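One point on numbering: in the UniProt record's numbering, the residue at position 234 of the sequence shown is 234, and numbering is uninterrupted.
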Amino acid sequence: MNVISVISEKGKTILICDGFKFGFQKNLANGVKRWTCTKKICSAYLKTNKCNEIQFENSRLIHNCAKDSEQKINRQILSNNLKRKALEQLSERPAKLFHDEMKKCNVSTLTSSDVTYIKNNMNHARNSIHPKLPQDANEIHNILSSIEIKTFKDKSQASYKRAFVKLQNQCLKSVEVFEPKMCFVDFEKSIHNALLEVWPQIEIKGCIFHLCQSWWRKIQKIGLATEYSKNDEIGKYLTYIFGFPFLHPEEVGDVFAIDLGELKPENDKLTEFSDYLVDNYIDEDSSFPPKIWAEMTSSAQRSTNACESFHSKYNSNFSSTHPHIYKFLDVLKAMQLDTVILINSSKMETKIIRTATKNKKKFINNLIDKLNMNEISKLQYLKALANKFKPRN
């Protein structure tokens, strides 16, 4: 007779024997335990010894109640296991927990109604560990203000400034003064202005990834994506543009107007794109002049990849667009612990540089050396770098 031990909805051990469930009743002499049928009207019972082996000869297995169906038992076992995992593994999506568990259990008896029942139980279990939800926006802000977490309601200059001031004040608790010398950000004027307002002497650097992404999107919007992929005059001209972030800032304007200008084909769309670059990125009075994004260096620290990585990891912890606010806070606290560990490690461990990063630096340094020794022209320099780092359509 097959007997299995499972955890009940209340977290207690129950025994399932031939379709009947037995719950622990009391301890007897010599380490023997007595288990009774979970149906109150039933007088059947089981006894186990101190090794948790069933003593069938001392048990009464004649029931005066109907046994549960295999479908119901399987559903309850799966549901209870998943409820427990939903509470233990808060950062895992319920859907992932569900499908991982389904691979290990008998699903031949489950129906869509059972699946709905199980998923509802998982969500209910996870929600039960959180306090009551706030009833209005003021309660939400009171909760957030009680912990060191800064949220944004928009991307305005005022919102960014509040966040930077909050960061500055928080840092003052552990250091005498917090004055960052340089900051890498994307190409939002509001965040640039907020940085300069809080730290007037800070040097702002633009993320190369976002820069090339903006240029590529403009190429697509104008309708030059097809020409960009071709190896003709227009395609080459557009490709060379993506080598400009590796020039000295003071060289960008001349190289664009003279070296690249001589290669520019007559094309209205290309003229529109060139005007866009001059107005927004190349002219010294543009929104984002070359000093922000151009630098002849092989440094890998020219992007906001760390922020993007954080955001990607952060998003992977949620299973819905609008998660429970306490789930949101749990995830942030967990990620804060990871960040503290990384900070501690950075003080003691030598950072391992990936082979791909080493090869990239070596490639750029080799081209810079050749350019400085006049072994290649600026156009050849641009071509080599652009072909290596241009966006792939």
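C-beta atoms are modelled at their ideal positions from N, C-alpha and C, and glycine is treated no differently. If you're wondering where the values come from, they're calculated on a predicted model, not measured in any experiment.
Straight-line CA distance for residue i to residue j?
i	j	result
Ser346	Val340	10 Å
residue 394	Thr116	The requested residue 394 does not occur in the structure, where the chain is confined to residues 1 to 393.
Lys218	Phe273	7 Å
Lys155	Ala194	11 Å
Gln201	Lys161	15 Å
Lys166	Gln157	14 Å
Lys383	Glu251	16 Å
Ser8	Asn80	6 Å
Tyr281	Asn231	25 Å
Phe209	Ala294	12 Å
Gly235	Val331	45 Å
Ile292	Lys205	5 Å
Ser286	Arg354	36 Å
residue 394	Asp283	Because the chain here runs from 1 to 393, residue 394 falls outside it and cannot be looked at.
Pro180	Thr357	26 Å
Arg302	Cys207	6 Å
Val177	Glu197	16 Å
Gln89	Leu342	22 Å
Gln25	Ala125	26 Å
Ala306	Lys313	11 Å
Asp186	Thr321	24 Å
Lys119	Ser113	10 Å
Leu371	Tyr240	16 Å
Arg60	Ile16	14 Å
Asn74	Met122	16 Å
Would you mind stating whether residue i and residue j have Cβ atoms separated by less than 9 Å?
i	j	result
Cys65	Cys42	yes
Pro391	Cys212	yes
Leu238	Leu270	yes
Lys47	Asn58	yes
Phe242	Leu385	yes
Leu263	Trp215	no
Cys37	His63	yes
Val3	Ile54	yes
Lys362	Ser298	yes
Glu70	Leu82	no
Phe328	Pro290	no
Ile352	Ile140	no
residue 397	Phe310	Residue 397 lies beyond the stretch modelled for the chain, which goes from 1 to 393, so this question has no answer here.
residue 395	Asp259	With the chain represented from 1 up to 393, any question about residue 395 goes unanswered, as that position is not in the structure.
Ile222	Met296	no
Gly23	Arg84	no
Phe152	Ala163	yes
Asn49	Asn27	no
So residue i is in the alpha helix (DSSP H); what residue range does that whole segment cover?
i	result
Trp215	208-222
Ile7	Here Ile7 belongs to no alpha helix (DSSP H); instead the beta strand (DSSP E) covers 3-7.
Thr226	225-228
Taking only three categories from DSSP, how would you classify residue i?
i	result
Cys171	helix
Gly19	coil
Glu203	strand
Phe152	coil
Leu260	coil
Lys33	strand
Asn317	coil
Asn27	strand
Ile325	helix
Thr350	coil
Thr339	helix
Pro54	Residue identity differs from the one stated: residue 54 is Ile in this sequence, not Pro. Three-state result, Ile54: strand.
Ile14	strand
Determine the extent of the beta strand (DSSP E) in which residue i is found, giving its start and end residues.
i	result
Ile376	Premise fails: Ile376 is in no beta strand (DSSP E) and is neither H nor E.
Lys47	45-48
Val177	Premise fails: Val177 is in no beta strand (DSSP E) and is neither H nor E.
Lys189	Where Lys189 is concerned, there is no enclosing beta strand (DSSP E), although the alpha helix (DSSP H) it sits in stretches over 189-198.
Using a Cβ cut-off of 9 Å (strictly closer), state whether residue i contacts chain D.
i	result
Asn120	Looking for chain D here will not work: only one protein chain is present.
Which complete beta strand (DSSP E) runs does the region 60-116 hold, if anything under 3 residues is left out? none
Could you pull out every unbroken beta strand (DSSP E) segment of at least 3 residues lying fully inside the region 238-312, listed in chain order? none
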